[in-house]
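Trainee: Its first residue numbered 1, the sequence shown is counted upward by one per residue in the working numbering. A virtual CB, placed ideally from N, CA and C, is assigned to each residue, including glycine. Note that the structure is predicted; figures quoted are calculated from it, not measured. Shown below is the structure under consideration.
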Amino acid sequence: PLGRFVNAILFGLNELRRCLLPSALTRLEQSFEVLVVRVVAKELKQLERELITMPVGKDKNLREIITAEYMPIWNNLVVPYCRGSLWTAMGRGAQAFAEFQTLGKAIDEL
1 PLGRFVNAIL FGLNELRRCL LPSALTRLEQ SFEVLVVRVV AKELKQLERE LITMPVGKDK
61 NLREIITAEY MPIWNNLVVP YCRGSLWTAM GRGAQAFAEF QTLGKAIDEL
């Protein structure tokens, strides 16, 4: 699901780059932030459902690891990557560069 989400964002941005009107940039940025929040919420609910059905026994550590690592992956890797891609497509190079620097630091910390 994560790969599909990122690929969909990149595909959409590539299409937008070809026909985007400058007046739509602010609305696009706001819509993107709402989309990211919705996808994160949906993915977290799905993860929660899977964790509820997971046996408690020796998989308890696995449950804690998944819960502890899932949000940082979204917040530190996926969101900066997609946001940087959005800003690159919108022609905001400085903002994109800052997001990609944040992403680079997060990757270095892995």
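Could you check the C-alpha separation between residue 12 and residue 41 for me, to the nearest Å?
Mentor: Position 12 of the sequence shown, counting from 1, holds the residue named residue 12. Position 41 of the sequence shown, counting from 1, holds the residue named residue 41. Distance between the alpha carbons of residue 12 and residue 41: 21 angstroms.
Trainee: Looking at residue 2: is its Cβ nearer than 8 angstroms to the Cβ of residue 79?
Mentor: By one-based count along the sequence shown, residue 2 stands at place 2. By one-based count along the sequence shown, residue 79 stands at place 79. No, the Cβ-Cβ distance between residue 2 and residue 79 is not below 8 angstroms.
Trainee: Please determine, among 45, 88, 109, the residue with the shortest C-alpha to C-alpha distance to residue 99.
Mentor: What you label residue 99 is simply residue 99 of the sequence shown in a count that begins at 1. Nearest of 45, 88, 109 to residue 99, Cα basis: 88.
Trainee: Using only alpha-carbon positions, find the residue among 105, 102, 5 that is nearest to residue 35.
Mentor: Residue mapping note: residue 35 aligns to position 35 of the sequence shown, counting from 1. If we check each option's Cα against that of residue 35, 5 comes out closest.
Trainee: Looking only at its own chain, which residues have a Cβ that is under 6 angstroms from the Cβ of residue 81, when we skip the five neighbours before and after it?
Mentor: Mapped onto the sequence shown, residue 81 falls at position 81. These residues qualify, in order along the chain: 103.
Trainee: Secondary structure at residue 92, three-state DSSP: helix, strand or coil?
Mentor: By 1-based counting over the sequence shown, the position of residue 92 is 92. In this structure, residue 92 counts as coil in the three-state DSSP scheme.
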